Amino acid sequence: MKTEQHKNLIDYNTFGMSVTADSFVEVNSIEEVQQLIKQGVFQSNFFILGGGSNILFTKNFDGTVVKNNITGIRVLNEDNENIDVYIGAGENWHQTVLHCVDQDWGGIENLSLIPGCVGAAPIQNIGAYGVELEDVLTRVHFIDLSNGESKSLENKQCQFGYRNSIFKHSLKNKVLITGIELRLSKKHDLSLEYGAIKSQLEIENITNPTIKDVSNAVIAIRQSKLPDPAELGNSGSFFKNPIISTDLFNEIKKSNPSINCYPVNETHVKIAAGWLIEQCGWKGKRIGNTGSHAKQALVLVNYGGAKGSEVLALANKIIESVKEAFNVTLEPEVNII
Ligand code: FAD
Ligand code: EPU
1103 MKTEQHKNLI DYNTFGMSVT ADSFVEVNSI EEVQQLIKQG VFQSNFFILG
1153 GGSNILFTKN FDGTVVKNNI TGIRVLNEDN ENIDVYIGAG ENWHQTVLHC
1203 VDQDWGGIEN LSLIPGCVGA APIQNIGAYG VELEDVLTRV HFIDLSNGES
1253 KSLENKQCQF GYRNSIFKHS LKNKVLITGI ELRLSKKHDL SLEYGAIKSQ
1303 LEIENITNPT IKDVSNAVIA IRQSKLPDPA ELGNSGSFFK NPIISTDLFN
1353 EIKKSNPSIN CYPVNETHVK IAAGWLIEQC GWKGKRIGNT GSHAKQALVL
1403 VNYGGAKGSE VLALANKIIE SVKEAFNVTL EPEVNII
């Protein structure tokens, strides 16, 4: 294991922030993580890094960045209907989806083209186009950073919610995720409710889609509106879609009949943050080297050379104007460091 000092992280975060880490080390095995525990790395300031696609660095990191590269995919069990697969946390998420789709293992095709590593996927319970990781995840394996023990939690214990899990709360900074187990299906039950998937399949004249068709449709939809971080720095949706009371929703709808909502429970609904931001006039607006993306207002971008503090200042202005116009408080989805 090689520890590097004053490492520039520009190639390790999809926002493209040029910040340095005091120390930087890559781990390839559980044993290497245990060595770092013995060295006391996790007793001072540290940050566990996957693909860097859900973070905004606002300053140099005064501590050790531990980049997780623990890889490996193996089949644990299978029968005529299902297949249980173990996937190492350092595997690339999208490559894992493509691998599963190629094997005709269904369940994660709607989650195609989400950047980042497998190990971060349970942290915010990644979701897109009608599917969330919690729908297929059976177990999360991790190392307890206080003592180096390997432990695991089953799905129900992970407290999954919309962009939420136990790893953002009581286990935050306490564990390093080493792998996950998924139960995928051989008899496919496709999730096609999301309007954009239906329209994309129609455009392609596909009436009886395979999981490969669904994966391709999701990739096409995403490429049509989300900026590719290789071309324009970003971390996907900057804010979560807010969950508000039905009363507040009805009040907003009186003066904005075009607003849509997704039911959450009897008293609350989820609304599109992108819509709120667009109504406040931010869509496509650029301030210095940062701005809200022209095709998806919820995505804040780095046009090149932006500082994290500039992106954060823009985010705060957006939060203020959405609060003033709609009395809704947007919360960041991206981890601000
Ligand atoms: P990082 O950004 O490296 O880390 C994220 C957090 O997880 C950090 O707090 C980090 O400390 C922690 N972490 C990472 N690995 C570990 C580990 N092994 N153990 C413990 N903690 C760890 N997300 C969605 O849910 N749906 C989408 O549709 C979606 N679309 C996106 C589109 C674009 C263009 C981009 C840039 C991002 C998008 N995202 C989306 C957000 C992001 O891709 C996901 O949140 C992804 O899971 C982050 O993975 P990562 O490896 O890059 O995590
Ligand atoms: N909308 C606008 N203007 C915009 C953008 C969106 O009005 O500029 C409205 C439209 O009404 C649209 C609706 O918002 O119909 C929903 O937009 P979209 O389908 O693009 O999805 P989203 O709600 O903006 C969420 C996730 C994405 C995920 C997509 C697809 C969150 C915070 N974001 O975005 O996840 O890919 O749905 O399921 O939940 C991410 O987490 O980084 C991410 C990209």
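One point on numbering: in our numbering, the residue at position 178 of the sequence shown is 1280, and numbering is uninterrupted.
Glycine included, C-beta positions come from ideal geometry on N, C-alpha and C.
These numbers were taken from a predicted model, which means no experiment stands behind them.
Query, Result
"Look up F1126 in the DSSP assignment and say whether it is helix, strand or coil.", "strand"
"For Y1405, which of K1109, T1105, H1108, T1116 has the nearest alpha-carbon?", "T1116"
"Taking its Cβ as the centre, do 16 or more other Cβ atoms sit within 10 Å of I1399, making it buried, or is it exposed?", "According to the sequence as given, residue 1399 is Ala; it is not Ile. By the 10 Å Cβ count, A1399 comes out buried."
"Specify, as a first and last residue, the run of the alpha helix (DSSP H) that T1198 falls within.", "1195-1204"
"Hey, would you say I1150 sits closer than 8 angstroms to N1170, going by beta carbons?", "yes"
"Rank G1410, V1135, S1272, G1376 by C-alpha distance to the C-alpha of F1159 and give the top, closest one.", "G1410"
"Just curious, the alpha helix (DSSP H) that K1324 is in, first and last residue?", "In the sequence under discussion, the amino acid at residue 1324 is Arg, which differs from the Lys named in the question. Start and end: 1313-1327."
"With DSSP collapsed to three states, give me the class of I1157.", "strand"
"So is the beta-carbon of Q1398 under 7 angstroms away from any non-hydrogen atom of the ligand EPU?", "yes"
"Report the residue ranges of all beta strand (DSSP E) runs contained in full by the stretch 1222-1303; include only those spanning at least 3 residues, in chain order.", "1239-1246, 1252-1256, 1277-1287"
"Taking C-alpha atoms, which residue in L1432, V1199, G1165 lies nearest to I1379?", "L1432"
"Give me the DSSP bridge partner(s) of L1402.", "S1394"
"Would you tell me roughly how many angstroms separate the C-alpha atoms of I1225 and D1315, rounded to the nearest one?", "28 angstroms"
"What are the boundary residues of the alpha helix (DSSP H) that includes D1349?", "1348-1357"
"Between E1380 and the ligand EPU, is there a pair consisting of the residue's CB and a ligand heavy atom that are separated by less than 7 angstroms?", "yes"
"Can you give the beta carbon distance from V1277 to L1247, rounded, assuming they're within the 8 angstroms contact cut?", "6 angstroms"
"Could you spell out the range, first to last residue, of the alpha helix (DSSP H) harbouring L1473?", "Given a span of 1103 to 1439 for the chain in the structure shown, any question on residue 1473 remains unanswerable."
"Measure from the alpha carbon of E1306 to the alpha carbon of each residue in H1201, M1119, I1323, E1295, then state which is nearest.", "I1323"
"Cβ-heavy atom distance between K1342 and the ligand EPU below 7 angstroms?", "yes"
"When the Cα of V1371 is compared with those of P1344, R1388, C1382, G1118, which residue comes out closest?", "P1344"
"Using only CA atoms, which one of A1396, V1430, R1388, V1424 lies nearest to E1412?", "R1388"
"Under 6 angstroms Cβ to Cβ from G1153, same chain only, skipping five residues before and after it: list those, please.", "P1217, G1218, C1219"
"Nearest to W1377 by CA position, among G1390, N1367, I1354, L1255, is which residue?", "I1354"
"For A1191, which of G1221, T1166, N1162 has the nearest alpha-carbon?", "G1221"
"What are the partner residues of E1183, as DSSP defines its beta bridges?", "Its beta-bridge partners do not exist; DSSP assigns none."
"Leaving out five residues on either side along the sequence, give the residues of the same chain with a beta carbon under 6 angstroms from the beta carbon of V1203.", "E1211, I1313, K1314, S1317"
"Can you say whether L1178 is buried or exposed, counting buried as having 16 or more other CB atoms within 10 angstroms of its CB?", "exposed"
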